[in-house]
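Asker: The sequence shown maps to residues 322 to 1313 in this note's numbering.
All C-beta atoms, glycine included, are put in the ideal place defined by N, C-alpha and C.
All of these numbers come straight from a predicted model, not from anything done at the bench.
Starting off with a structure, shown below.
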Amino acid sequence: MNRQLLSLLLFIFSFQLFAQQGQLGISRIDRMPDSPPSLSIRDWDAVARNYDRLVFDLTKTGTHLPLSQTGPPGQFNYPGNTPLFLDSYVGSDNHLNQGEAINILPAIVGASLVGIDKSNQNGMNWAAMGKDFFNLKNNQNVYLNNYSTSSGNDWWYDLMPNVYFYQLKELYPDAAPEFESQFTSVADQWLKAVQQLGGSSSPWTVPNMNYRAFNLATGQPKTDEVAEPESAGSIAWLLYNAYLETGNRQYMEGAQQSLEFLTNLTANPSYELQLPYGTLTAARMNAVEGTSYPLDKLLNWCFDRGPLRGWGAIVGNWGGYEVSGLIGEANDNGNDYAFVMNGFQQAAALAPLAKYDKRYARALAKWLLNVASASRLFYHNALPAENQDSYAWASANDPEASIPYEAIKQNWQGKSPFATGDAIRGGWAATNLSLYSGSSVGYLAAVVETTNVPEILQIDLNKTDFYGENTFPSFLYFNPTASSQQVTVNIPEGTFAIYDVVTEATLSPGVSSTYPLSIPAGEARLLRLYDSTLATESRDGKLYAGNDVLDYHPQYDFTADIRIKAISVSQNPVATGSSFSAFVEPGNTNPEDQLQYEWFLNDVAIAGEKQATITAPATPSESILKIRVSLNGKTAEDTLRLKVVERIIQAPVVTDIEFAGDYLTAGSTNELTAVVTPTPGETLEYTWSATSGTLSQTTGKTVSWQAPGTSQVDSITVKVTNQDQLTTTFSKAVLVKDLTLAEQEPLIWYPFDTDSRNATSDRFHATVTGAAKTEDARGSAEEAYRFTSGQQIIFTENQPELNFEEAISLSCWVRVEQLGAERYIISHGSWQQRFKLSIIPEGKLRWTVKTSEGIVDLDAAEALELNRYYHVTAIYTGYSVELYIDGKLSAFKAFTGNLLPSTHPLTIGRQDEVETQYALLGSVDEVKMWDKEISVSQVEKLKDQWVVPVGIDGFKLHARVYPNPAQEVLYIDFTGASKPVQVSLFAVDGMK
């Protein structure tokens, strides 16, 4: 008993010896070693520079080289802009034809962070070239992961390109003239998403952002697959930075609503890499704006294992290699899976946080030491050749070891650790050497730098604090050793006073060149350097040097006073003498608090609480609305400028352009009418334009338009101007179809009446695994296939002839029994490689096509009913994507490019031969595929065409007759033991 007590006392004494006053721990980091036993810090600055030199060398030769190339000017969103293509992995299947924003943009930003001028490098303005990821032509009007794609599939692919763009714009504000408008468009679009998800300030409402993604075009969230609620963090990061740059208070309100949703969650939302950006934003807003977001909760979430996909910080030693600090699947049971990009990005996002909340300086510095050491293991020069799967290429072509593996598995094929990734197993590339991961190495290099003491890093708190409080050079140090150490701090040019935020001591009133910094064992120091001529002053609970904050929380005072989140009105401007509502939302209060509200309009008191009903002045004016909220002797107030006018003027409301039919015939003349919501006394003028074809006139509510003579998607635009010279412009896409196209024979036809053979030729026969026969749309028994689980599939082996490029038409009967997740009907490599036809959780068909120009999703206009057969046709023409239901056009979009190839089989009922999560629960029949566009008249007939079996059982003679009905060609396939001697065809009137 006495020995146990002594051990306990020794443990407590040891713990207190290395504790630091005022510092808070992060539980997962507390389990990591202060100093990794196998500590080895690469020269990350050199790695970043070598990476940039290798991947941006357009003339590099060798296997899988070069890794990048430029495309033709004007290929995507901006005329004259040259796009960049950069392989996502070494040996990517779509070599030199990949353009991912999550790869290219951080490569540009990361290189810039280590001092490379990417706006003028070897005669190239790489920074400006990135603007093409702003999806302008398809009206998404944000940055997305491809040059032409759609939002709404995966939030991190939709949001992180915008984060990287904001970083790029801060580094190169004048690199492209479009950056300024893109910056506000990004903020506007994501603010609108917050509002469409329920965020509001009139009155204050927190949005529900617990979805997989959000489609900016449809205004609808993606409700299936694993949710990504951490995305609220990156949206908050975007909107808060937009507020700081523009002063638009709506962005500030959207940022607060996003963070409130995030911090109100009861379970860890970590999924990929957006949570750290939200955590930094929360810390900045707590320090700068006086909010009180629970930072301890957010920081622990950043490192603890979350339930969504087991994401968190790795703790442990794998095969003698210390891997603590890496980020990935932290299962803690022998099958951890760490990813290099996530460590790089999390380091960059969280390092500046210590500047805003010094209580976490020690914990963050300790983690950064661990991740900076362990991240070397992703490179081919760190592990034995047998512990990695792409060593041959890496050792031969990357002597500086600048391209990392995507990931490290704790155990793989009996080896630990094992450097690998998902690309080889997924069929995406010949190696797992990952450029989309390595492109972020400059972020880590910008943050960490070695010192004269090998165990102590200098951590830069400014370089990755984009749009942050970066007036004073700020560095963080942590001494993980058991004895005091002296670090030589290199001072920037000039004379600086040095203030340590952690101990709240001025270490030197003025120093140049270098400074000897003593750090006790187990402690951290956070130095801020300021002009030695500036005086320091405490005011408003902060310590200032001149006009800039030196310490946000002197004396470790983290109390939060009452504040106002938002003041808003139901309308602005308001008409003279009219009634309107005003709203206020106080912050840093509790539900039980007794708050006092005082409203003033032009300094005249008005009755009201959180909401007030106010009458506008009787004459036009610029009025000031003020709210004052008080609690326990403390007060917060805010004002709002209110414009009072005699009459509310508004632009015309145009809702549609009407014409007869779902599509228009090539060469036909058509009447177009603008549909405008009328306003009493309104006088309107109309101006029309079209991308092609001929308008009979360009004015008037109704015009005549002759369609072009070829199939294409055109855009008709009407500009409507009222008597107040306010204008609304409305555009509508018009599908023009050539009705003279001949009927085409399918490349594949699976009638499924008797088997899964191709009825059009003796090739491309399908294999059925598990699917059961069921009745078809006619009610004929056992002439279709039914899928009841993800273990069932019908597939056709991949062949070169199935990877045609110019166009594709698909048709089938489908009956859906259950929604929930996205359900795949037909797929060839899914959206990642080629195409898919699926049903989204809302019950709508989705036709997804990937071409050399990008990825497009087309959703049907109407939802399908469960347990009912529909005939579906999906077409990619080379100029459009089209969906037809029961022979009628349901939806279309303009889209171009060559279809990209797939490495997977053609599958029915599943995404591919491996993934089982998104399987169809329902039935499929009469699957047809053409390697060309089919006409609308042929589409209309497909639902009535069937294989008709005939036979004489006694003679063992059977035949299939198709299509039925037929127009020009009729096929008869004979089966059975007997062979026909003569075939005669008779018309219904008996004529032979």
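1) Leaving out five residues on either side along the sequence, give the residues of the same chain with a beta carbon under 7 angstroms from the beta carbon of Ala675.
2) Report the rounded CA-to-CA distance for Lys886 versus Val527, giving the unit in angstroms.
3) Can you list, in chain order, the stretches of the alpha helix (DSSP H) that have 4 or more residues and sit fully within the segment 610 to 674?
4) From the DSSP secondary-structure annotation, give me the bridge partner or partners of Glu919.
5) Do you know offhand how far Lys863's Cα is from Asp882's?
6) Are at least three pairs of beta-carbons, each pair with one atom in the segment 1114 to 1124 and one in the segment 1167 to 1178, less than 8 angstroms apart?
7) Give the straight-line distance between the Cα atoms of Val1248 and Glu1254, rounded to the nearest whole angstrom.
8) So, under 8 angstroms CB-CB, Leu616 and Ala604 are touching, yes? Tell me the CB distance rounded to an integer number of Å.
9) Just tell me which of Gln541, Val435 and Asp509 has its CA closest to the CA of Ser471.
10) Using the C-alpha atoms, what's the distance from Pro1001 back to Phe1108?
11) Mapping the DSSP letters down to three states, classify Gly1275 as helix, strand or coil.
12) According to DSSP, is Phe980 part of a helix, a strand, or is it coil?
13) Counting only beta-carbon atoms, is Asn529 nearer than 8 angstroms to chain C?
14) By a C-beta neighbour count over all protein chains shown, 10 Å radius and 16 as the cutoff for buried, is Glu643 buried or exposed?
15) Starting from Asp1180, follow its DSSP beta bridges and name the residues at the other end.
16) Measuring straight from C-alpha to C-alpha, what distance separates Ser591 and Arg570?
17) Taking buried to mean at least 16 other C-beta atoms within 10 Å of its own C-beta, is Asp1246 buried or exposed?
18) In chain order, what residues of the same chain lie with their CB nearer than 6 angstroms to the CB of Gln396, ignoring the 5 residues before and after it?
19) Taking DSSP as the reference, what is the three-state secondary structure of Arg1231?
20) I need the straight-line Cα distance from Pro977 to Gln461, nearest angstrom please.
21) Any contact of the segment 1193 to 1212 with the segment 1256 to 1269, i.e. 3+ C-beta pairs under 8 angstroms?
22) Could you check the C-alpha separation between Asp453 and Trp639 for me, to the nearest Å?
23) Could you tell me which of His701, Glu707 and Asn708 sits nearest to Ala715, measuring between CA atoms?
24) Which same chain residues, not among the five before or five after Ser951, have their C-beta less than 6 angstroms away from its C-beta?
25) Given a threshold of 16 other Cβ atoms within 10 Å of its Cβ, counted over all protein chains shown, does Val1047 qualify as buried or as exposed?
26) If you follow the beta strand (DSSP E) that Phe793 is part of, which residue opens it and which one closes it?
27) Take Gly742 and list the residues in its own chain whose beta-carbon comes closer than 6 angstroms to its own, dropping the five residues that flank it on each side.
28) Can you tell me which of Ala1240, Leu388, Thr1228 and Gln342 puts its alpha carbon nearest to the alpha carbon of Ser760?
29) Taking just the CA atoms, how far does Tyr410 sit from Tyr1315?
30) Return the chain-ordered list of same chain residues with a C-beta closer than 6 angstroms to the C-beta of Ser1256, the five sequence neighbours on each side being excluded.
31) Helix, strand or coil, according to DSSP, for Arg349 in the structure here?
32) Given this structure, state the Cα-to-Cα distance separating Arg949 from Asp959, to the nearest angstrom.
33) Comparing C-alpha positions only, which one of Glu913, Ser1159, Val895 and Pro973 sits nearest to Glu943?
34) Do three or more CB pairs link the segment 519 to 535 to the segment 421 to 432 at distances below 8 angstroms?
35) For Pro1067, which option in Asn1079, Lys1058, Leu1056 and Asp1059 has the closest C-alpha, if you only look at C-alpha atoms?
36) So for Gln461, helix, strand or coil by DSSP?
Answerer: This is what the structure holds:
1) Position 354 of the sequence shown holds residue 675. Tyr681, Ala682, Leu685, Leu782, Leu797 and Leu847.
2) The sequence position of residue 886 within the sequence shown is 565, counting from 1. The sequence position of residue 527 within the sequence shown is 206, counting from 1. Taking the Cα positions, Lys886 is about 12 angstroms away from Val527.
3) 616 to 624 and 661 to 671
4) Numbered from its first residue, the sequence shown carries residue 919 at position 598. Its beta-bridge partners are Arg949.
5) Reading the sequence shown from its first residue, position 542 is the one you call residue 863. Reading the sequence shown from its first residue, position 561 is the one you call residue 882. The alpha-carbon atoms of Lys863 and Asp882 are separated by roughly 13 angstroms.
6) no
7) Numbered from its first residue, the sequence shown carries residue 1248 at position 927. Numbered from its first residue, the sequence shown carries residue 1254 at position 933. Going from the Cα of Val1248 to the Cα of Glu1254 covers about 16 angstroms.
8) Along the sequence shown, read from residue 1 onward, the residue named residue 616 stands at position 295. Along the sequence shown, read from residue 1 onward, the residue named residue 604 stands at position 283. At roughly 6 angstroms, the Cβ-Cβ gap stays under 8 angstroms, so Leu616 and Ala604 are in contact.
9) The residue labelled residue 471 in the question sits at position 150 within the sequence shown. For the residues Gln541, Val435 and Asp509, the minimum Cα distance to Ser471 belongs to Gln541.
10) Here residue 1108 refers to the residue found at position 787 when the sequence shown is read from its first residue. Here residue 1001 refers to the residue found at position 680 when the sequence shown is read from its first residue. When rounded, the distance between both Cα atoms is 57 angstroms.
11) On the sequence shown, position 954 is the one that residue 1275 refers to. Because the pLDDT of Gly1275 is 44, which lies under 50, any placement of that residue in the model is unreliable, and the question is left without a value.
12) Position 659 of the sequence shown, counting from 1, holds the residue named residue 980. Of the three classes helix, strand and coil, the one that applies to Phe980 here is coil, per DSSP.
13) Absent from the structure is chain C; it holds one protein chain and no more.
14) On the sequence shown, residue 643 is found 322 positions in, with the first residue counted as 1. With 16 or more other Cβ atoms within 10 Å, it is buried.
15) As a position in the sequence shown, residue 1180 is number 859, starting the count at 1. DSSP, once it has assigned bridges, lists Arg1167 as partnering Asp1180.
16) Taking the first residue of the sequence shown as position 1, residue 591 is located at position 270. Taking the first residue of the sequence shown as position 1, residue 570 is located at position 249. Answer to the nearest angstrom: the Cα atoms are 28 angstroms apart.
17) For this step, residue 1246 is matched to residue 925 along the sequence shown. Under this definition Asp1246 is a buried residue.
18) By one-based count along the sequence shown, residue 396 stands at place 75. Cβ neighbours of Gln396 beyond the five flanking positions: Pro404.
19) As a first step, residue 1231 must be located in the sequence shown, where it is residue number 910. In the structure shown, Arg1231 sits in coil (DSSP, three-state: anything other than H, G, I, E or B).
20) Position 656 of the sequence shown, counted from the start, is the residue given in the question as residue 977. Position 140 of the sequence shown, counted from the start, is the residue given in the question as residue 461. The identity of residue 977 in the sequence shown is Asp, whereas the question assumes Pro. Cα to Cα, the separation comes out at about 20 angstroms.
21) yes
22) Walking along the sequence shown from the start, residue 453 turns up at place 132. Walking along the sequence shown from the start, residue 639 turns up at place 318. Spanning the two alpha carbons is a distance of roughly 42 angstroms.
23) Within the sequence shown, residue 715 is the residue found at index 394, counting from 1. The candidate whose alpha carbon is nearest that of Ala715 is His701.
24) On the sequence shown, residue 951 is found 630 positions in, with the first residue counted as 1. If we look at Ser951 and ignore the five residues flanking it on each side, its Cβ neighbours are Gln917.
25) Sequence index remark: in the sequence shown, residue 1047 carries index 726 (1-based). With the sequence shown as reference, residue 1047 is identified as Leu, and Val is not the correct amino acid for it. Exposed, because fewer than 16 other Cβ atoms sit within 10 Å of the Cβ of Leu1047.
26) Along the sequence shown, one-based indexing puts residue 793 at 472. Taken as a continuous stretch (DSSP letters only), Phe793 belongs to no beta strand (DSSP E), as it is neither H nor E.
27) Taking the first residue of the sequence shown as 1, we reach residue 742 at position 421. The answer, listed in chain order, is Tyr726, Glu727, Ala728, Asn753 and Ser755.
28) For the purposes of this step, residue 760 is taken as residue 439 along the sequence shown, with counting starting at 1. Nearest C-alpha to Ser760: Leu388.
29) The chain is shown only over 322 to 1313; residue 1315 falls outside these bounds and no answer can be derived.
30) Here residue 1256 refers to the residue found at position 935 when the sequence shown is read from its first residue. Exclusion of the five residues before and after Ser1256 leaves Leu1062 as the residues of its chain whose Cβ lies within less than 6 angstroms of its Cβ.
31) Start at 1 with the first residue of the sequence shown, and residue 349 comes out as number 28. Three-state DSSP puts Arg349 in a helix.
32) By one-based count along the sequence shown, residue 949 stands at place 628. By one-based count along the sequence shown, residue 959 stands at place 638. Here the alpha carbons of Asp959 and Arg949 stand approximately 7 angstroms from one another.
33) For the purposes of this step, residue 943 is taken as the residue at position 622 of the sequence shown. Checking every option, the nearest Cα to that of Glu943 belongs to Val895.
34) no
35) Against the sequence shown, residue 1067 aligns to sequence position 746. Comparing Cα positions, the closest option is Asn1079.
36) Taking the sequence shown and counting its residues from 1, the one referred to as residue 461 is at position 140. DSSP places Gln461 in coil when its eight states are reduced to three.
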